[in-house]
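K.L.:
From first to last, the protein sequence lines are chains A and B.
Under my numbering, the first residue of the first sequence is numbered 1, with each subsequent residue one higher.
Under my numbering, the first residue of the second sequence is numbered 1, with each subsequent residue one higher.
Just so it is clear, CB atoms sit at the ideal spot from N, CA and C, and this is done for glycine as well.
2 protein chains.
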Amino acid sequence: MKTKTQNLDIEKVFRALSDLTRLRILNLLRGGELCVCDLIDVLDLPQSTVSRHLAYLRKTNLVTSRKEGLWHYYQLAPAELKFSKKIMECIEASCDVIPLLDKDVQSLQSSSCSDCCG
Amino acid sequence: MKTKTQNLDIEKVFRALSDLTRLRILNLLRGGELCVCDLIDVLDLPQSTVSRHLAYLRKTNLVTSRKEGLWHYYQLAPAELKFSKKIMECIEASCDVIPLLDKDVQSLQSSSCSDCCG
DNA sequence: TTAATATATCCGTGTAGGCGAATGTATTAT
DNA sequence: ATAATACATTCGCCTACACGGATATATTAA
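#1: How is the alpha helix (DSSP H) around Arg-24/A delimited, first residue to last?
#2: Along the chain, where does the alpha helix (DSSP H) that runs through Glu-68/A open and close?
#3: Helix, strand or coil, according to DSSP, for Leu-39/A in the structure here?
#4: Comparing the C-beta of Ile-10/A with each C-beta of chain B, is any distance below 7 Å?
#5: Put Asp-44/A into one of helix, strand or coil per three-state DSSP.
#6: Any contact of the region 93-106 of chain B with the region 80-90 of chain A, i.e. 3+ C-beta pairs under 8 Å?
#7: What are the start and end residues of the alpha helix (DSSP H) that includes Lys-17/B?
#8: Quick one: what does DSSP say Thr-3/A is sitting in, helix, strand or coil?
#9: Name the two residues that bound the continuous alpha helix (DSSP H) containing Leu-100/B.
#10: For chain A, check one thing: does any of its Cβ atoms lie closer than 7 Å to the Cβ of Glu-89/B?
#11: Quick check: Asp-102/B and Arg-24/B, are their CB atoms within less than 7 Å of each other?
#12: Assuming Leu-76/B is part of the beta strand (DSSP E), what are its boundary residues?
#13: Using a Cβ-Cβ cutoff of less than 7 Å, which residues in the same chain neighbour Leu-45/A once the five nearest sequence positions on both sides are dropped?
#14: Just verifying my parser: in three-state terms, what is the DSSP assignment at Leu-57/B?
#15: Residues of the region 29-46 of chain A in Cβ contact with chain B at a cutoff of 8 Å, in chain order, please.
#16: Who are the near neighbours of Pro-99/A in its chain, counting only those whose CB is closer than 6 Å to its CB and skipping five residues on each side?
#17: Does Thr-5/A come within less than 7 Å of chain B when only Cβ atoms are used?
#18: Taking Cβ-Cβ distances shorter than 8 Å, what residues in chain B pair up with Arg-15/A?
#19: Since Ala-16/A and Leu-57/A are thought to touch, with beta carbons under 8 Å apart, how far apart are those beta carbons, to the nearest angstrom?
#20: Spatial neighbours of Cys-35/B within its chain, please: CB distance less than 7 Å, with the 5 preceding and 5 following residues excluded, ordered by chain position.
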């Protein structure tokens with residue numbers, strides 16, 4: 001059953017979005033790349049939990065990461081397919097329904113850590 | 001962690017879409033309501049499997065059903081929220097990536113069962 | 001070297017949900 | 001009543017993956 005194209009497995013993508021923590025991460029990354037410590041700070045979750053979800057998102061090709069010294073920066077993968085664009089619109093629309101998503105963004109902005117590893 | 005609004009649990013919705021069989025069902029329903037026997041026919045899956053997935057979609061409020069004699073007709077739930085509309089656009093976009101989805105629609109059209117319970 | 005920091009991975013445990021055969025329940029036809 | 005049809009639900013089995021504590025790895029600083 002082939003559902004993969006250009007490194008994008010539709011079923012896996014939807015599965016990735018079916019977890020609140022991953023949804024929060026993706027939503028935060030819409031504002032630009034972030035390092036793991038930023039995410040841990042805003043999400044207020046154990047480091048292993050955040051790291052596990054990031055690994056999941058990496059495997060699903062929804063995010064990419066780059067390493068700079070001690071920090072790993074994560075960013076949204078470029079949305080090339082029409083499908084990927086629609087997925088991003090879904091995440092945006094989720095903000096209307098899940099107040100926490102907007103709260104996260106505000107929490108990031110007011111976070112003193114947001115420039116700790118700039 | 002509140003993620004529910006107007007009977008729509010975002011996480012559950014994405015989880016519902018993360019299964020190929022359910023994606024196929026939703027895509028078929030985009031063409032209008034269908035009875036279970038139509039779906040079994042096109043999907044070529046055991047009755048219990050199809051029925052279980054339909055139950056899942058019902059619980060997620062993605063579909064509704066009506067009963068007419070011996071037949072149960074399923075239809076897409078009306079997309080009231082912006083989020084729901086975007087979800088439908090995602091399913092549509094999935095057709096570009098999963099050839100089976102278009103094949104299903106054709107298979108339905110040429111199916112002799114497609115008017116067995118009209 | 002040694003220590004500290006940032007991140008990834010491993011571990012044991014628990015739950016959600018996949019499968020198809022079998023069974024239960026309406027409904028309609030004879 | 002009996003049989004056939006359309007569907008839902010139950011069952012036992014199995015895999016994916018959620019969790020957070022513990023540990024491993026890489027980098028940089030002292």
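P.N.:
If we stick to the structure as given:
#1: Following the DSSP letters along the chain, one finds Arg-24/A inside the alpha helix (DSSP H) bounded by residues 20-29.
#2: It is not in any alpha helix (DSSP H) - Glu-68/A instead sits in the beta strand (DSSP E) that spans 63-68.
#3: DSSP places Leu-39/A in the helix class (H, G or I) of the three-state scheme.
#4: Taking Cβ atoms only, chain B reaches closer than 7 Å to Ile-10/A, which makes this a yes.
#5: In this structure, DSSP gives Asp-44/A a state outside helix and strand, which the three-state scheme calls coil.
#6: Yes: the two stretches touch, three or more of their Cβ pairs being nearer than 8 Å.
#7: Before going on, a small fix: residue 17/B reads as Leu here, not Lys. Per DSSP, Leu-17/B belongs to the alpha helix (DSSP H) from 10-17.
#8: Residue confidence for Thr-3/A is low, a pLDDT of 44 falling below 50, so the modelled location carries little weight; the figure read from the coordinates is stated next. Looking at Thr-3/A - three-state DSSP - the assignment turns out to be coil, as it is neither helix nor strand.
#9: Leu-100/B -> alpha helix (DSSP H) spans 99-109.
#10: By this cut-off, Glu-89/B is an interface position.
#11: No, the pair does not count as a contact, with Cβ atoms beyond the cut-off.
#12: That run of the beta strand (DSSP E) goes 71-76.
#13: Once the five neighbours on either side are set aside, the close Cβ partners of Leu-45/A are Thr-21.
#14: Correct three-state label for Leu-57/B: helix.
#15: Taking 8 Å as the cut-off between beta carbons, none of the residues of the region 29-46 of chain A comes near chain B.
#16: Nothing listed; no residue qualifies.
#17: Because the pLDDT at Thr-5/A is just 46, under 50, the model does not fix this residue reliably, and the point stays unresolved.
#18: For a Cβ distance threshold of 8 Å, residue set Phe-14, Arg-15, Ser-18 of chain B lies close to Arg-15/A, ordered along the chain.
#19: Contact between Ala-16/A and Leu-57/A is confirmed by a C-beta separation of about 6 Å, below the 8 Å threshold.
#20: Answer for Cys-35/B: Trp-71, His-72, Tyr-73, Cys-117, listed in chain order.
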